[in-house]
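Asker:
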Amino acid sequence: MDYPLIADHGLIGDLHTAALVTKDGEIDWFCAPRFDSPSVFAALLDRAKGGHFRIAPAEPGYVSKQLYFPDSAILITRFMTDAGVGEVVDFMPVVDTKHATDNHRLVRLVRVVRGEMRFTFDCMPRFDYGRATHTLDVTGAGAVFRANGIQLTMHPARTIGWASADRIRNPRGDGIQGSANLHAGEIGAVMLETGAAGPPRQLARDEIISMFDETVAFWRGWLGRSTYHGRWREQVYRSAMTLKLMTYAPTGALVAAPTAGLPEQVGGERNWDYRFTWIRDASFSVYALLGLGYVEEARMFIGWLSDRVEEQAGDGSGPLRLMYRVDGSSDLDEELLEHLEGYRGSRPVRIGNGAADQLQLDIYGEALDSIYFADHKGVNLSHSGWMRLLRILDWLCSHWDSPEEGIWETRGGRADFTYGRINSWTAFDRAIRLAAEHGRPGDQERWARERERIYQQIMDRGWNEKRGAFIQHYGTEVLDASLLRMVQVGFVTPDDPMWLSTLDAMNSELVSDSLVYRYNTEASPDGLRGSEGTFSLCTFWYVDALARSGRLTEAQFIFEKMQTYANHLGLYSEEIGLTGEQLGNFPQAFTHLAMINAAINLDRRLNRAESISPAGRAFTTASLAGLVGHGSS
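In the numbering used here, each residue carries its 1-based index in the sequence shown increased by 1346.
#1: Along the chain, which unbroken stretches of the alpha helix (DSSP H) at least 4 residues long are found entirely within the stretch 1602-1662?
#2: Apart from the five residues just before and just after ASN1516, which ones in its own chain have a Cβ nearer than 8 Å to its Cβ?
#3: Taking all protein chains shown into account, do 16 or more other C-beta atoms lie within 10 angstroms of the C-beta of GLY1613, making it buried, or fewer, making it exposed?
#4: Under 8 Å, do GLY1488 and PRO1379 count as touching if we go by C-beta distance?
#5: Could you compute how far the alpha carbon of ALA1543 sits from the alpha carbon of SER1744?
#6: Which stretch, first to last residue, makes up the beta strand (DSSP E) that contains THR1499?
#7: For the stretch 1933-1941 against the stretch 1912-1924, are there 3 or more C-beta pairs whose distance is under 8 Å?
#8: In this structure, does DSSP put GLN1909 in helix, strand or coil?
#9: Answer yes or no: do PHE1399 and LEU1421 have a C-beta to C-beta separation smaller than 8 Å?
#10: GLY1731 to ASN1617, Cα distance in whole Å?
#11: My understanding is that PRO1439 touches GLU1560, with C-beta atoms under 8 Å, so please give their C-beta distance in whole angstroms.
#12: Quick check: the stretch 1716-1725 against the stretch 1479-1499, are there 3 or more CB pairs under 8 Å?
#13: Closer than 6 Å by C-beta to THR1966: which residues in its own chain qualify, once you throw out the five before and the five after it? Chain order, please.
#14: Leaving aside the five residues before and after THR1485 along the sequence, list all residues of the same chain whose C-beta is less than 7 Å from its C-beta, in chain order.
#15: Just to confirm the assignment, what range does the alpha helix (DSSP H) spanning VAL1833 have?
#16: By the 10 Å Cβ neighbour count, where 16 or more other Cβ atoms means buried, how is THR1573 classified, buried or exposed?
#17: DSSP state of PHE1437, grouped into three classes?
#18: Any idea what DSSP makes of ALA1353, helix, strand or coil?
#19: Give every residue of the same chain whose Cβ lies closer than 7 Å to the Cβ of ILE1401, excluding the five residues on either side of it in the sequence, and list them in chain order.
#20: Taking 8 Å as the cut-off, decide whether the C-beta atoms of ASP1721 and TYR1765 are in contact.
#21: Using the rule of at least 16 other Cβ atoms within 10 Å of the residue's Cβ for burial, across every protein chain shown, is MET1805 buried or exposed?
#22: In angstroms, rounded to a whole number, what distance separates the CA positions of GLY1759 and VAL1562?
#23: What is the rounded straight-line gap between the Cα of SER1919 and the Cα of ASP1789?
#24: If you follow the alpha helix (DSSP H) that MET1844 is part of, which residue opens it and which one closes it?
#25: Does the beta carbon of ALA1794 fall short of 7 Å from some heavy atom of the ligand PLP?
#26: Would you kindly work out how many angstroms separate the C-alpha atoms of GLY1407 and ALA1606, rounded to a whole number?
#27: Work out the CA separation of LEU1849 and LEU1391 for me, nearest whole Å.
#28: Leaving out the 5 sequence neighbours to the left and right, which residues in its chain are closer than 7 Å to ALA1429 when beta-carbon positions are compared?
#29: Grab the span of the beta strand (DSSP E) containing PHE1376 for me, first residue to last.
#30: In terms of residues, what are the limits of the beta strand (DSSP E) holding LEU1455?
#31: In the DSSP output, what is THR1540 paired with across the bridge?
#32: Just tell me which of ALA1644, ILE1904 and PRO1665 has its CA closest to the CA of ASP1708.
#33: Would you tell me roughly how many angstroms separate the C-alpha atoms of MET1426 and ASP1348, rounded to the nearest one?
#34: Can you check which of these residues, SER1854, LYS1411 and ALA1945, is closest to ASP1354 by C-alpha distance?
#35: Is it buried or exposed, GLY1926, if we count other Cβ atoms within 10 angstroms and call 16 or more buried?
#36: Could you tell me if THR1756 is buried or exposed, where buried requires 16 or more neighbouring beta carbons within 10 angstroms of its beta carbon?
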């Protein structure tokens, strides 16, 4: 129980890497120089061996709260005591968004706003997930930690108490500990810098304030480019900035999450490394980015995707791999960190991802759908990109009817997943439309034949008459929330009786207090022990599906309820447990993407309905009893 809750964190970053900061002022996760680099601080996965950097009041009994500085990614952790109120302000200046670099700065500004407070700081890095030993050189100007060619430089401001700093002895390498008394109006700071060009130095007050102001200006300038003015603007903007924080700026690649090893069930083995770019997640980002008006960001990803299409580096996965590192490389060998105990004993801790070369047919439809959507927003595919895409479509014609692992990356063997077939249908459908609209070459007759074959197969084998629903894979009665996407891609219409029956079946079996499970792990073994929470992505997909089917009051109610499951900063992890706790890697891009897309679509449909019936919103009916009793466990 020494571990903080997963939800008790905020996120900061500089569009190359990111750090998590607890409500107690501790940085317990930070990798450098990139998201997918080895960790410098990883106490989140092992309190004793992972490494941390904590700044907090010296005396216990304080109350702490966190917030973001308005319209920015600058995190403020506030401490309240009988003697005074103090703050730790954490941020990473955004300096270079075009080039890969080893140089990154993490600033921790400390101030007292009322009364006085004694702060202590404790910096104990543990390089390479706690596997590497390091040296420490301390001077009057600061300190330098070195391990395996990696350098971490600490630049202090004198008022943080550097004069009273002591060396912490540890077998894996020493750390720094100190304290300082601050009174109202006084400011101190320390900056950690990776890849520093020179020795440590004392920070001047003006330099600290300048870095703060420049970071605020960057985030406000970026947010000012958004064209979104709908309902839930505050929540949407926070999700947008969170996604931006998880984007590797030099390539435009979006990581699924900045963390690794956080469990889907505390104490269980469902602990994955999400610091990579999935074709699927990044494809969904196109809808969110363009929906908010961020055309250039969407253009960057389409360029990144085109490069992956050109490489065609997949093996068992087909021409595309499921996921890549942020620079586009595909070395994701899975490794167990057996020396780490894992978050609250959740083992094993994995880095890399063994699912990288699974066959998941849905990624091809998701990629084509995002390309088609971007094309309609003015982000066009080049001629060479189209020609490379033809090779993928030719491969898909021959392989769409193959058993696969499916969207959830199960490790229980391949099956004929309905979701994969639906997205294969989507791939051919969008290719036909793109070719026809631009007069581009392509075997449209063949694509149309395959599209028809897939449609008929799904209707014949993907529909289970007994359940009255489309099912997870052929030959089963298991439901799967991924099929909520059927109506989004246009495979079925929102008022089709088969679709409405499927929606009702999911509501009865997969929905619990408006939260949605991916599937029943007991009815559909996935090769892993234990259970999992509800999947927040699926809950937002459910909101979108309800809205498309005209059930607007239900959709809005569930969307509003889902906001209560966000953490104190508006951030979401991957899953939600039985008692409302956040589970899985944090924050989760998939969840924030789905939230933005659901908000945009629901807002649009509410506006349309109100324009038809503005008096009393008589456009929809839903009883209170129906909403209260919505879903079962």
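Ideal placement from N, C-alpha and C gives every residue a C-beta, glycine not left out.
Answerer: Straight from the coordinates:
#1: 1625-1637 and 1641-1657
#2: MET1470
#3: exposed
#4: no
#5: 54 Å
#6: 1496-1502
#7: yes
#8: helix
#9: no
#10: 36 Å
#11: 6 Å
#12: no
#13: Here THR1966 scores only 46 on pLDDT, less than 50, and its place in the model should not be relied on; the value that follows carries that caveat. Correct list, in chain order: LEU1898 and THR1899.
#14: PRO1546
#15: 1831-1834
#16: exposed
#17: strand
#18: coil
#19: GLY1371, VAL1434, ARG1454, VAL1456, PHE1465 and PHE1467
#20: no
#21: exposed
#22: 49 Å
#23: 42 Å
#24: 1843-1855
#25: Looking at this structure, you won't find the ligand PLP or any other ligand, since it has none at all.
#26: 32 Å
#27: 39 Å
#28: GLY1461, GLU1462 and MET1463
#29: 1372-1377
#30: 1450-1470
#31: HIS1450 and LEU1498
#32: PRO1665
#33: 21 Å
#34: LYS1411
#35: exposed
#36: buried
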